[in-house]
């Protein structure tokens with residue numbers, strides 16, 4: 103019982119609080135709203151993550167080229183050239199001496215170029231492996247041995263030779279670049295090359311074959327097509343969705359042709375490895391004739 107000022111004694115009322123449960127229809131409506139929000143949010147988050155990965159990758163490609171340009175400033179505009187560092191024996195002295203003797207052109211493989219660059223602190227081993235790398239054979243070389251450097255005649259070691267670029271076994275670099283050989287070497291393997299010339303990029307399918315379904319499509323193309331960051335000679339990076347970028351034109355005195363940045367192009371005659379077109383590839387070994395060597399090429403889709 104309780105007393106009110108107006109009515110005197112009354113019987114205490116029961117608690118009238120009513121618990122309201124969701125009906126099935128209300129629950130379905132809530133679930134539909136959640137599903138709608140997720141359908142909007144998930145692709146947006148996925149796109150944002152993709153953009154972030156592409157931008158981070160672009161910064162790595164740019165950093166590699168900047169490293170080469172910084173080296174060129176002190177080496178007659180040449181990008182890092184292993185054969186000019188670890189030269190052949192000087193014909194007069196009859197032995198290998200740092201800074202003397204002819205260039206060992208067969209030393210200018212992709213793995214040696216990057217290993218020399220790492221040894222000279224142009225960039226670190228983690229810079230040359232993409233965070234979007236889909237090939238399990240490609241990984242950062244965490245145990246790069248800086249202690250092997252020995253420029254004396256008895257040592258004659260200028261980089262860690264354990265650094266590799268074998269895409270089918272063990273590879274410590276994600277990016278393809280122009281090989282330092284043929285006509286492209288004196289023309290483009292230097293800081294004063296043509297500004298519209300592609301120098302380094304995310305790897306592409308074998309010889310730029312557009313009929314292939316390549317593992318390289320998984321880098322930025324989500325498995326559907328090739329998309330990649332390309333760094334040009336003026337150090338700007340562009341995101342390309344074609345292996346024939348609009349600005350990539352191979353020009354010679356005989357004319358010009360669109361340049362497939364992963365393929366061998368020529369204006370006339372038979373195309374070969376030793377021309378001046380932009381050809382981005384990994385070369386793990388050079389052998390034979392130093393001027394027109396045999397190349398061991400590395401592709402994801404062998």
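In my numbering, the protein residues as written are 103 to 404. Beta carbons: idealized from backbone N, C-alpha and C, even for Gly. Since this is a predicted model, take the numbers as computed values, not measurements.
With DSSP collapsed to three states, give me the class of residue i.
i: residue 372; result: coil
i: residue 389; result: strand
i: residue 341; result: strand
i: residue 104; result: Its pLDDT being 45, under 50, residue 104 is placed unreliably by the model, and the measurement read from it follows with that caveat. Of the three classes helix, strand and coil, the one that applies to residue 104 here is strand, per DSSP.
i: residue 358; result: strand
i: residue 240; result: strand
i: residue 245; result: coil
i: residue 192; result: strand
i: residue 159; result: helix
i: residue 363; result: coil
i: residue 146; result: helix
i: residue 166; result: helix
i: residue 151; result: helix
i: residue 230; result: coil
i: residue 351; result: strand
Assuming the contact rule is C-beta atoms closer than 8 Å, residue i and residue j should be a hit. Round their C-beta distance to whole Å, please.
i: residue 164; j: residue 337; result: 6 Å
i: residue 261; j: residue 221; result: 4 Å
i: residue 376; j: residue 394; result: 5 Å
i: residue 275; j: residue 231; result: 7 Å
i: residue 224; j: residue 402; result: Not really, about 26 Å apart at Cβ, beyond 8 Å.
i: residue 206; j: residue 190; result: 5 Å
Considering only residues of the same chain and omitting the five flanking positions on each side of residue i, which have a CB-CB separation below 7 Å?
i: residue 319; result: 325, 326, 327, 328
i: residue 271; result: 239
i: residue 167; result: 301, 302, 333, 337
i: residue 209; result: 184, 185, 188
i: residue 215; result: 182, 184, 282
Assuming residue i is part of the beta strand (DSSP E), what are its boundary residues?
i: residue 332; result: 330-334
i: residue 382; result: Segment: none, residue 382 is in no beta strand (DSSP E) and carries neither H nor E.
i: residue 304; result: 300-304
i: residue 185; result: Counting along the chain, residue 185 falls outside any beta strand (DSSP E), though it belongs to the alpha helix (DSSP H) covering 184-187.
i: residue 396; result: 396-400
i: residue 218; result: Here residue 218 belongs to no beta strand (DSSP E); instead the alpha helix (DSSP H) covers 212-221.
i: residue 279; result: 277-279
Cα separation between residue i and residue j?
i: residue 335; j: residue 256; result: 38 Å
i: residue 309; j: residue 141; result: 39 Å
i: residue 321; j: residue 265; result: 22 Å
i: residue 353; j: residue 368; result: 9 Å
i: residue 294; j: residue 185; result: 20 Å
i: residue 218; j: residue 316; result: 30 Å
i: residue 382; j: residue 358; result: 19 Å
i: residue 241; j: residue 273; result: 6 Å
i: residue 366; j: residue 390; result: 21 Å
i: residue 387; j: residue 356; result: 32 Å
i: residue 145; j: residue 128; result: 27 Å
i: residue 233; j: residue 196; result: 47 Å
i: residue 330; j: residue 379; result: 19 Å
i: residue 346; j: residue 258; result: 42 Å
i: residue 286; j: residue 134; result: 60 Å
i: residue 125; j: residue 312; result: 56 Å
i: residue 226; j: residue 267; result: 16 Å
i: residue 374; j: residue 198; result: 33 Å
Quick one: what's got a C-beta closer than 6 Å to residue i's C-beta in the same chain, skipping five residues either side?
i: residue 291; result: 181, 282
i: residue 161; result: none
i: residue 252; result: 259
i: residue 193; result: none
i: residue 171; result: 293
i: residue 398; result: 386, 387
Give a yes or no on whether the minimum CB-CB distance between residue i and chain C is below 7 Å.
i: residue 213; result: Chain labels in this structure do not include chain C; a single protein chain is all it has.
Mind checking which residues open and close the alpha helix (DSSP H) that includes residue i?
i: residue 288; result: 286-290
i: residue 321; result: 319-322
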